[in-house]
Amino acid sequence: MIVKAMGSKPGLTPGLVLGATSIWSDRVAAFARAPRRRQLPLTPSKPYLSYHDILLTSDDIVSLKYDWLTDNNIAFWEEWLEREVLPKYPRAHIVLLRPSITFLLMQAIDLKSIGSALPDFKKTTHIFLPVNDSRDRERADGGSHWSLLVVSVIDRVAFHYDSLGGANFYEAQKCTDRLGRVLGMPLRFHQMEDSPQQGNNSDCGVYVCIVMRHLLIKRLLNANSNEKVSMSMANKVIDSAGGRKEMMQIIESLRKEGERRRSLSPMSTSSKSGSSKTPPRIE
């Protein structure tokens, strides 16, 4: 499979881009003036759903319904795609890197030191990476904007989908460079100019999730191995409100299933007070 970029802007040398004007400058300036993500309370959040390796909390649910998606929201979506979608395509070798691992990749001083935290990329054809603009090495949950980087390892190309123009342009270039060093190959960077654009300051994470699923299923998993696949998102309309609703429906369905399984378990005879502290679990 060969992927091709349409509606993209090749990467530029970081040192030369700083002084250049771009088609994204107005959007970036507007975003810089916009309110940042809502600060969640410091008190511990109540567990809501345990889904394989992801524990969603009540704060994550509030964010999914009304606010800027958390790392956990996006990690859950990737976990769900891995558990529910990818098994239907056993010949696929696609990695959905979690936000925390992407953050580690971007912030680690020594890339060799994080080798054990990264997947084995030997047979991987494509890698999806949620990119965040946090530059604080001490805060993996910081930042104020999400975008999506999709790397075609077999073509040595990285496609960047940013719902706020070029807000994460430099972060995505940095991520591309660092991943290329891990893979031991140079990666060409393409800024996808036709990426769907959000209409507010809080839907970036939702766009990442919807675009991720569209490219994964509609473009990569259902493509023939010998055909060229366009990675363009031109004319793709994103319903962010519908996306939030669908994700909540998936979570609620899993919660009900977790409750059903718990009720059938011999452990269901435990005290109500004890079980109420344990979220419904799918594993």
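The UniProt record's numbering puts the first residue of the sequence shown at 1, with every later residue one more than the last.
Just so you know, even glycine gets a beta-carbon here, dropped at the ideal spot from N, CA and C.
Helix, strand or coil, according to DSSP, for residue i in the structure here?
i: residue 289; result: Only positions 1 to 283 of the chain appear in the structure, and residue 289 is not among them; the question remains open.
i: T57; result: strand
i: A34; result: Confidence in A34 is poor, its pLDDT being 43 and thus under 50, which makes the residue's placement unreliable; the coordinate value appears in the next sentence. In the structure shown, A34 sits in coil (DSSP, three-state: anything other than H, G, I, E or B).
i: Y89; result: coil
i: W146; result: strand
i: P99; result: helix
i: A158; result: strand
i: M247; result: helix
i: H52; result: coil
i: P266; result: helix
i: L183; result: helix
i: L254; result: helix
i: I238; result: coil
i: S63; result: helix
i: N222; result: coil
Short check: CB of residue i to CB of residue j, under 8 Å?
i: I94; j: H126; result: yes
i: R219; j: P186; result: no
i: L111; j: R181; result: yes
i: E78; j: H52; result: no
i: C204; j: H145; result: yes
i: C175; j: L149; result: yes
i: F128; j: L96; result: yes
i: A223; j: M1; result: yes
i: L264; j: Y89; result: no
i: Q198; j: L164; result: yes
Between residue i and the rest of its own chain, which residues show a CB-CB distance below 7 Å, the 5 nearest in sequence each way excluded?
i: K123; result: H93
i: L183; result: F121, V153
i: T21; result: Only weak support is given to the placement of T21: the predicted model assigns it a pLDDT of 35, under 50, and the value that follows is read from those uncertain coordinates. Result list for T21: empty, nothing under 7 Å.
i: K236; result: P196, H214
i: A34; result: Low confidence applies to A34: its pLDDT is 43, below 50, so where it sits in the model is not reliable, and the reading given next is rough at best. The residues are N201.
i: G115; result: none
i: R83; result: H52
Nearest to residue i by CA position, among the options, is which residue?
i: S202; options: M1, N226, S147; result: S147
i: V229; options: G243, G242, H214, S240; result: H214
i: D120; options: V153, D67, G143; result: V153
i: S63; options: P266, M247, Y170, K256; result: M247
i: Y48; options: R261, E252, L69; result: E252
i: R91; options: S225, N200, A241; result: S225
i: S240; options: V206, R261, K256; result: V206
Can you list, in chain order, the residues of its chain whose CB lies under 6 Å from that of residue i, leaving out five sequence neighbours each side?
i: L105; result: R178
i: V17; result: With a pLDDT of 30 at V17, under the threshold of 50, the modelled position of this residue cannot be trusted; read the value that follows with caution. There are no such residues.
i: M231; result: V3, A5, F159
i: D194; result: G7, S232, M233, A234
i: I210; result: I238, G243
i: K46; result: S58
i: S50; result: P279, R281
i: G142; result: S134, D136
i: G258; result: P280, R281, I282
i: I23; result: Caution applies to I23, whose pLDDT of 38 falls short of 50 and renders its modelled position unreliable; the value that the coordinates give is listed next. Here the set comprises nothing.
i: residue 289; result: Here the chain covers residues 1 to 283 and nothing more, so residue 289 does not appear.
i: A108; result: I114
Might you give, ordered along the chain, the residues of its own chain that have their beta carbon closer than 8 Å to the beta carbon of residue i, omitting 5 neighbours on each side?
i: A172; result: V131, S147, L149, A158, H160, D162, F189, Q191
i: N72; result: I54, L55, L56, T57, D60
Determine which residues share a DSSP beta bridge with residue i and list them.
i: K277; result: In the DSSP output, where bridge partners are listed per residue, K277 has none listed.
i: R188; result: V157
i: K4; result: S230
Is any heavy atom of the ligand ADP found at a distance shorter than 7 Å from the C-beta of residue i?
i: P99; result: Judged by which ligands are present, the structure shown has none, so any question about the ligand ADP falls away.
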